[in-house]
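J.: For the sequence shown, the UniProt record's numbering gives the first residue as 1, with consecutive numbering after it.
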Amino acid sequence: SLVVLFGATAGAYGAKLGSDERELILLVWQVVDLHSKKVGTLHKSLVKADNLELSDQCREVSGLTPEGLGKAEPLDRVLQQFSQLVSSDLKVLGRSSYTLCSDGQLLIRQVLHPETSKKNFLLSDCFYSFYDLRKEFHTCYPSSATVKDQTIKTMAEYLGLGTDETEEDFGVWQVKTMVAIIFSMLSESCNHIFTEPETVKYKYETGPCSKSETVDSETVIRARGLPWQSSDQDIARFFKGLNIAKGGVALCLNAQGRRNGEALVRFVNSEQRDLALERHKHHMGSRYIEVYKATGEEFLKIAGGTSNEVAQFLSKENQVIIRMRGLPFTATQEDVLGFLGPECPVTGGKEGLLFVKYPDGRPTGDAFVLFSCEEYAQNALKKHKEILGKRYIELFRSTAAEVQQVVLNRYMSTPLIPTLPTPIIPVIPPPYTIATGSIRDCVRLRGLPYTAGIDDILEFMGDATADIKPHGVHMVLNQQGRPSGDAFIQMKSADKAFMVAQKCHKKMMKDRYVEVFQCSGEEMNFVLMGGTLNRSGLSPPPCKLPCLSPPAYAAFQTAAVIPAEAALYQPQALLPTTRTPQASAAAPPTVTYYPAQAAQLYMNYTAYYPSPPVSPTTVGYIAAPPGAVAAAATATHTPLLPQPGALVRMQGLPYNTGMKEILSFFQGYQVSMQSLSLILYLDHRVMTSGDQTKQVSAF
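(1) For Glu218, which residues from the same chain have a beta carbon less than 7 Å from its beta carbon, with the 5 sequence-adjacent residues on both sides left out?
(2) How would you write the range of the alpha helix (DSSP H) that Tyr376 sits in, first residue to last?
(3) On the DSSP letters alone, give me the boundaries of the alpha helix (DSSP H) that Val179 sits inside.
(4) Return the chain-ordered ranges of every alpha helix (DSSP H) run that is complete within the stretch 320–354 and spans a minimum of 4 residues.
(5) Starting from Asp486, trace the beta strand (DSSP E) in both directions and tell me its first and last residue.
(6) Contact between the stretch 60–79 and the stretch 41–52 is defined here as three or more beta-carbon pairs at a separation below 8 Å; is this criterion met?
(7) For Lys201, I'd like the list of residues in its chain whose CB is within less than 6 Å of its CB, leaving aside the five on either flank, ordered along the chain.
(8) Quickly, what does DSSP pair Gln30 with across the bridge? List them, please.
(9) Check each candidate in Glu168, Leu64 and Phe396 and name the one with the smallest Cα separation from Ile25.
(10) Just tell me which of Cys190, Leu300 and Leu27 has its CA closest to the CA of Val220.
(11) Report the rounded CA-to-CA distance for Thr241 versus Ser19, giving the unit in angstroms.
(12) Are Ile321 and Leu370 touching if we call contact CB-CB under 8 Å?
(13) For Cys58, does the three-state DSSP call read helix, strand or coil?
(14) With 16 as the cutoff for other CB atoms within 10 Å, does Pro359 come out buried or exposed?
(15) Please say whether Val28 and Val249 have beta carbons closer to each other than 8 Å?
(16) Going by beta carbon distance, what residues of the same chain come within less than 8 Å of Ala564, once the five residues before and after it are set aside?
(17) Between Gln518 and Ser493, what straight-line distance do the alpha-carbon atoms span, to the nearest angstrom?
(18) Less than 8 Å between C-beta atoms, sequence neighbours within five positions excluded: which residues of the same chain meet that for Lys119?
(19) Verify whether the separation of the beta carbon atoms of Val500 and Val443 is less than 8 Å.
(20) Give me the Cα-Cα distance between Gly7 and Cys101, rounded to the nearest whole angstrom.
(21) For Tyr288, which three-state DSSP category applies?
(22) Looking at the secondary structure, which residues open and close the alpha helix (DSSP H) in which Pro197 lies?
(23) Evaluate Ile562 with the Cβ neighbour count: other Cβ atoms within 10 Å of its Cβ, from every protein chain shown; 16 or more gives buried, anything less gives exposed.
(24) Name the residue from Ile302, Tyr292, Gln229 and Glu262 whose alpha carbon lies nearest to the alpha carbon of Gly247.
(25) Can you tell me which of the three DSSP states Leu641 falls into?
(26) So, using beta-carbon positions, are Asn51 and Ala12 closer together than 8 Å?
(27) Is Lys246 helix, strand or coil by DSSP?
(28) What's the C-alpha gap between Pro483 and His474?
(29) Measuring alpha carbon to alpha carbon, tell me which residue in Gln319, Lys383, Leu85 and Pro363 is nearest Glu343.
(30) The beta strand (DSSP E) that contains Glu129, what's its start and end?
(31) Taking the alpha-carbon of Leu528 as reference, which of Phe368, Lys507 and Ala487 has the nearest alpha-carbon?
(32) Report yes or no: do three or more beta-carbon pairs, one from the stretch 198–213 and one from the stretch 99–116, lie closer than 8 Å?
(33) If you compare alpha carbons, which of Leu663, Gly462, Asp511 and Ala400 is closest to Leu264?
(34) DSSP on Gly296, reduced to helix/strand/coil?
(35) Which residue marks the beginning of the beta strand (DSSP E) containing Cys519, and which one marks its end?
(36) Let me know the secondary structure DSSP gives Ile302 once reduced to three states.
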């Protein structure tokens, strides 16, 4: 038997049903016996929503009023009545089992499941399997319109069913017409059989993801604005009703290994992904969540892993993962198991623990723990901020993707200067010129969508793109290498910049308006070099050193290539020479080398887009090969570094450390002020010079 089901919300109707997060206000259903072709009683039930305000479209189409809905039963009571009445009708027809049949997928997936999830009550099993009448109709009549374009009315017209929508109450006509369509499909000429129902997953399944997997870009979305404490189960609950692939939730982490409020979600097919996009700006608690398209490559970068240790740890399926942070560096497996206690046993004992370590084997203070059930995990979370040794321990829910991100990032991270090779050289940007001066021939775009690319900006500017200088578009990236929502554009003249600012200010790009301001090259340069530009004026960047662009963000595809003649570049302009009198002329020359594989590593699209200064560990250091050194050996210049052994490195400085604190720390030792100030601004790691190097290193 089928139970033909139709519903409506207080908001959008038709193809946009459920996209505005409005509540259900109407359910109409009727039982159909497919064998005897008999039908049960047609039932219509109003549903009392928490918010009785109706949209204009709802009032016009349904004819319902807030006053009438105020007398109805709430959703949980209506669903109880639904189950009782369906069972009663089945008894009359001599049947016992049934499957739902609805007009498309929106009522089940986009309305009933999300709403009941938010209201914290469970749907009965019958709502996890249903037939999509549009798909069944297209299978029965392949020459009919595509599934996406089907409606109850178009299906009835295709069959020549003469029903008048105005003759019946809203909802009643729809169910009667759907029943008539089903009977036509069951006729001898068609003899259609309902065999493969749509299914809704009961719960999200965790699991690892390998970088070797192929992920279809048409199945991935990016969710932004998530509460920092949200877990993969919370995200799966936000997308309740849609089928997420196994291990398909990947929480994104920032450079410090903390969640940044974004996640990549992979669905089982493109149809589910398209339905997920309709939940853009739906709410998780009091926060609205932005949902955008993403690519399979982006998903693999976050969720993919290759470590055997991680794969073995995650091989136990359907486990709850908890992340522990702040462990003493001396903590052992026994210490962690003792901290958790017998009330929350770890799956497999010591095998259920994974300590995160640096490449040199030092512990990071992080660990992941597996629990076999939700109860044990909840008991563990109750120990949040309890003391182990002399430190309090933080506990959070985690995911398989987060395990792979954290562990693999630690594996791949390298110290700034593990040993002092000869020479160590920073990769510097190609010699594109950033404008300076007070002429206001530039414009600043503020409030760009984070997904906006160069093509979007050019389309946004329209005819004015002809007046942009070569390499004149500069995307401002944050320290994680992601778009900040700002961009600067160099125009051919101040007049052109003024016209663009007047024409494009507060013009819409995608779903956001963009502010456009005229500015000077000097103001643009300040922001691109790490300063801020606001109503109170310019705030200078942290340092005047040339800045490096972070690794390319997926939205800006690499296309620029460093020319071959730029392979060797003398760095006198990059760093001032030292004043160390012991500098020997025989010291190896310092050159900047661009290897082939790095030529496109820090270039975004067709121009160099600087951003605020980033850590040299983010940018990376590349040692010049012997051939490159030999080629530059004849050049006459002052060596960058003083004599070998004159430098020491400090690691683990507080981020607010100043020069005064460091000089106080090294009181009694002679320190080179020049080298101190230079490297301090780069990465909070300090170089000093003098005859006391060995003593300082031991210290």
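Glycine is no exception: its CB is placed at the ideal position from the N, C-alpha and C atoms.
T.: Considering the structure as presented:
(1) By 1-based counting over the sequence shown, the position of residue 218 is 218. The beta carbon of Glu218 sits closer than 7 Å to the beta carbons of Ser270 and Arg273 from its chain, once the five residues preceding and following it are set aside; these are given in chain order.
(2) The residue given as residue 376 occupies position 376 in the sequence shown. Note, Tyr376: alpha helix (DSSP H), Glu374 to Leu381.
(3) Locating residue 179 in the sequence shown gives position 179, where the first residue counts as 1. That run of the alpha helix (DSSP H) goes Val172 to Met185.
(4) The alpha helix (DSSP H) runs lying completely inside the stretch 320–354 and spanning 4 residues or more are 333–340, given in chain order.
(5) Residue mapping note: residue 486 aligns to position 486 of the sequence shown, counting from 1. Unbroken beta strand (DSSP E) run through Asp486: Pro483 to Met491.
(6) In short, these stretches touch, since the Cβ pair count reaches three.
(7) Locating residue 201 in the sequence shown gives position 201, where the first residue counts as 1. Cβ neighbours of Lys201 beyond the five flanking positions: Asn243.
(8) Within the sequence shown, the letter at position 30 stands for residue 30. As DSSP reads the structure, Gln30 sits in a beta bridge with Val4.
(9) Sequence index remark: in the sequence shown, residue 25 carries index 25 (1-based). Ranking Glu168, Leu64 and Phe396 by Cα distance to Ile25 puts Leu64 first.
(10) As a working note, residue 220 is residue 220 in the sequence shown. Nearest of Cys190, Leu300 and Leu27 to Val220, Cα basis: Leu300.
(11) Indexing the sequence shown from 1 puts residue 241 at position 241. Indexing the sequence shown from 1 puts residue 19 at position 19. Note on identity: in this sequence residue 241 is Gly, with Thr being the wrong assignment. Whole-angstrom Cα-Cα distance: 13 Å.
(12) Locating residue 321 in the sequence shown gives position 321, counting from the first residue. Locating residue 370 in the sequence shown gives position 370, counting from the first residue. For Ile321 and Leu370, yes; Cβs fall inside 8 Å.
(13) Position 58 of the sequence shown, counted from the start, is the residue given in the question as residue 58. Note: Cys58 maps to helix in three-state DSSP.
(14) Position 359 of the sequence shown, counting from 1, holds the residue named residue 359. Burial call: exposed.
(15) In the sequence shown, residue 249 corresponds to position 249, counting from 1. In the sequence shown, residue 28 corresponds to position 28, counting from 1. The criterion of a C-beta distance shorter than 8 Å is not satisfied by Val249 and Val28.
(16) Reading the sequence shown from its first residue, position 564 is the one you call residue 564. Because Ala564 sits at a pLDDT of 35, beneath the cut-off of 50, its placement in the model cannot be relied upon, and the following sentence gives the value as read from the coordinates. Around Ala564: no qualifying Cβ.
(17) Reading the sequence shown from its first residue, position 518 is the one you call residue 518. Reading the sequence shown from its first residue, position 493 is the one you call residue 493. Approximately 11 Å, taken between the alpha carbons.
(18) Indexing the sequence shown from 1 puts residue 119 at position 119. For Lys119, where only same-chain residues beyond five positions count, the Cβ hits under 8 Å are Leu75 and Asp76.
(19) Here residue 500 corresponds to residue number 500 of the sequence shown, with the count starting at 1. Here residue 443 corresponds to residue number 443 of the sequence shown, with the count starting at 1. Contact: yes.
(20) Reading the sequence shown from its first residue, position 7 is the one you call residue 7. Reading the sequence shown from its first residue, position 101 is the one you call residue 101. Between Gly7 and Cys101, the C-alpha separation is close to 12 Å.
(21) As a working mapping, residue 288 is identified with position 288 in the sequence shown. When secondary structure is reduced to three states using DSSP, Tyr288 falls in the strand class.
(22) Position 197 of the sequence shown, counted from the start, is the residue given in the question as residue 197. From DSSP, Pro197 is part of no alpha helix (DSSP H); its letter is neither H nor E.
(23) Here residue 562 refers to the residue found at position 562 when the sequence shown is read from its first residue. Since pLDDT at Ile562 reaches only 35, below the 50 mark, its modelled position is unreliable, and no value is offered.
(24) Looking up residue 247 in the sequence shown gives position 247. Taking only the C-alpha atoms, the option nearest Gly247 is Ile302.
(25) Along the sequence shown, read from residue 1 onward, the residue named residue 641 stands at position 641. With a pLDDT of 47 at Leu641, under the threshold of 50, the modelled position of this residue cannot be trusted, and the question is left open.
(26) Taking the first residue of the sequence shown as position 1, residue 51 is located at position 51. Taking the first residue of the sequence shown as position 1, residue 12 is located at position 12. No, the Cβ-Cβ distance between Asn51 and Ala12 is not below 8 Å.
(27) As a first step, residue 246 is located in the sequence shown; it is residue number 246 there, counting from the start. Strand at Lys246.
(28) Position 483 of the sequence shown, counted from the start, is the residue given in the question as residue 483. Position 474 of the sequence shown, counted from the start, is the residue given in the question as residue 474. Taking the CA atoms as reference points, Pro483 sits about 11 Å from His474.
(29) Numbered from 1 along the sequence shown, position 343 holds the residue referred to as residue 343. Of the candidates Gln319, Lys383, Leu85 and Pro363, the one whose C-alpha sits nearest the C-alpha of Glu343 is Lys383.
(30) The residue given as residue 129 occupies position 129 in the sequence shown. Checking the sequence shown, residue 129 turns out to be Ser, not Glu. Ser129 to Asp132 is the span of the beta strand (DSSP E), which, as asked, contains Ser129.
(31) Within the sequence shown, the letter at position 528 stands for residue 528. Closest by alpha carbon: Ala487.
(32) yes
(33) By one-based count along the sequence shown, residue 264 stands at place 264. Nearest C-alpha to Leu264: Ala400.
(34) Position 296 of the sequence shown holds residue 296. Here Gly296 sits in helix by DSSP.
(35) Position 519 of the sequence shown, counting from 1, holds the residue named residue 519. Taken as a continuous stretch (DSSP letters only), the beta strand (DSSP E) holding Cys519 covers Arg512 to Cys519.
(36) By 1-based counting over the sequence shown, the position of residue 302 is 302. If DSSP states are grouped into helix, strand and coil, Ile302 belongs with the helices.
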